[in-house]
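In our numbering, the protein residues as written are 100 to 312.
No residue lacks a Cβ here, since even glycine has one placed at the ideal position from N, Cα and C.
Predicted model, so just to flag it, every value in this text is computed and none were measured.
Just below is one structure, and these are the notes that go with it.
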């Protein structure tokens, strides 16, 4: 596992999510903390800290005397998560300074045009979407709201990675992001919110097609 300057628990957490997404960790097996810590080359303390964080985020569950295990996937949970994140992102957008949104609208539109491929590997789409939505919501000053959105997206990405795999090619629509940016450029925040929610719902449908196969 590569080591960098982030806290060790964050690196362990990222590695666990990567392994879950690649299918190397089964969702129905209890996590052997001693074996996993040895395999990762870390002590049990950062591993347990990472596991506790993932439990708070809904990625894993724990039972007294049975330890941790990853939560089984559920299409209904993914629908619920999407509805919550779409609503919270809409709230963050509505909470942003309108002048700031108008200012960044051209950049949002330019980046939407720049990534206009009708299909791309999922890991590429994920990185682009995260960066684009981060820019979209960069004017929101509600730190608690933004942390909640970030946390929920961790669980959503878990579903996406398990359903798809990083290199799976997925259809996407640049038009969805363009519509949001154009609405903000016109100063029509209500239309931008509607377009944002539709963007989340269409993305959910694309993932569910794979998740239920």
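Proximity below 8 Å, CB of residue i to CB of residue j
{"i": "residue 283", "j": "residue 204", "result": "yes"}
{"i": "residue 280", "j": "residue 208", "result": "yes"}
{"i": "residue 119", "j": "residue 309", "result": "no"}
{"i": "residue 288", "j": "residue 193", "result": "yes"}
{"i": "residue 112", "j": "residue 137", "result": "no"}
{"i": "residue 293", "j": "residue 248", "result": "no"}
{"i": "residue 116", "j": "residue 141", "result": "no"}
Environment of residue i [buried if 16+ CB atoms lie within 10 Å]
{"i": "residue 298", "result": "buried"}
{"i": "residue 100", "result": "The predicted position of residue 100 is uncertain, since its pLDDT is 49 and thus under 50; a value taken from the coordinates is nonetheless stated next. Classification for residue 100: exposed."}
{"i": "residue 321", "result": "For the chain, the structure presents residues 100 to 312; residue 321 sits outside this window and is missing."}
{"i": "residue 216", "result": "exposed"}
{"i": "residue 316", "result": "Residue 316 is absent from the structure shown; the chain starts at 100 and stops at 312."}
{"i": "residue 302", "result": "buried"}
{"i": "residue 181", "result": "buried"}
{"i": "residue 173", "result": "exposed"}
{"i": "residue 212", "result": "exposed"}
{"i": "residue 102", "result": "Because the pLDDT at residue 102 is just 48, under 50, the model does not fix this residue reliably, and the value given afterwards should be weighed accordingly. Flag for residue 102 reads exposed."}
{"i": "residue 285", "result": "exposed"}
{"i": "residue 226", "result": "exposed"}
{"i": "residue 250", "result": "exposed"}
{"i": "residue 105", "result": "exposed"}
{"i": "residue 163", "result": "exposed"}
{"i": "residue 246", "result": "exposed"}
{"i": "residue 259", "result": "buried"}
Cβ shell of residue i (< 8 Å), same chain only, five flanking positions each side left out
{"i": "residue 154", "result": "160, 161 and 167"}
{"i": "residue 130", "result": "124, 150, 159, 166, 167, 168 and 169"}
{"i": "residue 132", "result": "143, 146, 147, 150, 166 and 167"}
N- and C-terminal bounds of the alpha helix (DSSP H) containing residue i
{"i": "residue 197", "result": "197-213"}
{"i": "residue 282", "result": "273-284"}
Proximal residues to residue i (C-beta, below 7 Å), its chain only, five neighbours per side dropped
{"i": "residue 244", "result": "187, 190 and 191"}
{"i": "residue 157", "result": "170 and 254"}
{"i": "residue 291", "result": "192, 279, 282 and 283"}
Boundaries of the beta strand (DSSP E) in which residue i is found, first to last residue
{"i": "residue 220", "result": "218-220"}
Residues near residue i in its chain [Cβ-Cβ closer than 6 Å; skip 5 each side]
{"i": "residue 110", "result": "none"}
{"i": "residue 275", "result": "298"}
Cutoff 8 Å: residue i Cβ touching any chain D Cβ
{"i": "residue 225", "result": "Although the question refers to chain D, the structure presented lacks it and comprises just one protein chain."}
I'd like the ranges of any alpha helix (DSSP H) spanning at least 4 consecutive residues and lying wholly in the region 137-190. Fully enclosed alpha helix (DSSP H) runs of 4 or longer: 143-155.
Restricting to runs no shorter than 4 residues, where is the alpha helix (DSSP H) found entirely within the region 224-269? Look at the region 224-269 and you find these whole runs of alpha helix (DSSP H), each 4 residues long or longer: 242-263.
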